[in-house]
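These notes are about the structure you will find just below.
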Amino acid sequence: MILHANGVPFEDVRFTMEEWAERKHEFPGGKLPVFQVREEGSQETKTYTESLAIARALAKHYGMMGDSEEEYYRVERVIGQSADLHELFVRAFFAPPEQRNELLEKAMSEEVPRLLDLICKSLADSGGRFVAGDT
Numbered sequence: 001m002i003l004h005a006n007g008v009p010f011e012d013v014r015f016t017m018e019e020w021a022e023r024k025h026e027f028p029g030g031k032l033p034v035f036q037v038r039e040e041g042s043q044e045t046k047t048y049t050e051s052l053a054i055a056r057a058l059a060k061h062y063g064m065m066g067d068s069e070e071e072y073y074r075v076e077r078v079i080g081q082s083a084d085l086h087e088l089f090v091r092a093f094f095a096p097p098e099q100r101n102e103l104l105e106k107a108m109s110e111e112v113p114r115l116l117d118l119i120c121k122s123l124a125d126s127g128g129r130f131v132a133g134d135t
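Per full-length UniProt numbering, the sequence shown runs over residues 1 to 135.
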């Protein structure tokens, strides 16, 4: 989304489960996503791993982490709240099948609305289109 928001062209490469099994060893830690960059005129490819680290680095590069410590804090706060939201679903997905529905129901009735309210409030309080305002 950060690249889209900044009009940066990129190639989104996806693997089938079979392709991933064959290529997993090529990537640091055997995990996805990875972000690979080749500077113009260079044959060297730089590989970045860990989705949140990639997102933060790109956001910083494109000036999306705010201009002040307060704006930076607001962006980081929403990143943390979004990670909490993601964790609820990961926990349910990897839970034993007999616990999955209960975890999802609890998440959807309690935690998801609470976290979405916090994120929406952060956006409303920013006074702009983004958490850190209009920057």
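Backbone N, C-alpha and C fix where the C-beta goes; we use that ideal spot for every residue, glycine too.
- Taking C-beta separations shorter than 6 angstroms and ignoring five residues to either side along the sequence, the partners of Gly30 in its chain run Lys24, following chain order.
- The C-beta distance from Leu85 to Ile2 rounds to 18 angstroms, too long to meet the 8 angstroms contact threshold.
- Shortest Cα-Cα distance from Val37 to any of Glu26, Phe10, Leu103 and Phe27 involves Phe10.
- Membership of Val75 in the alpha helix (DSSP H) is indicated by the continuous run Glu69 to Phe93.
- Taking C-alpha positions only, Thr16 is separated from Glu39 by approximately 28 angstroms.
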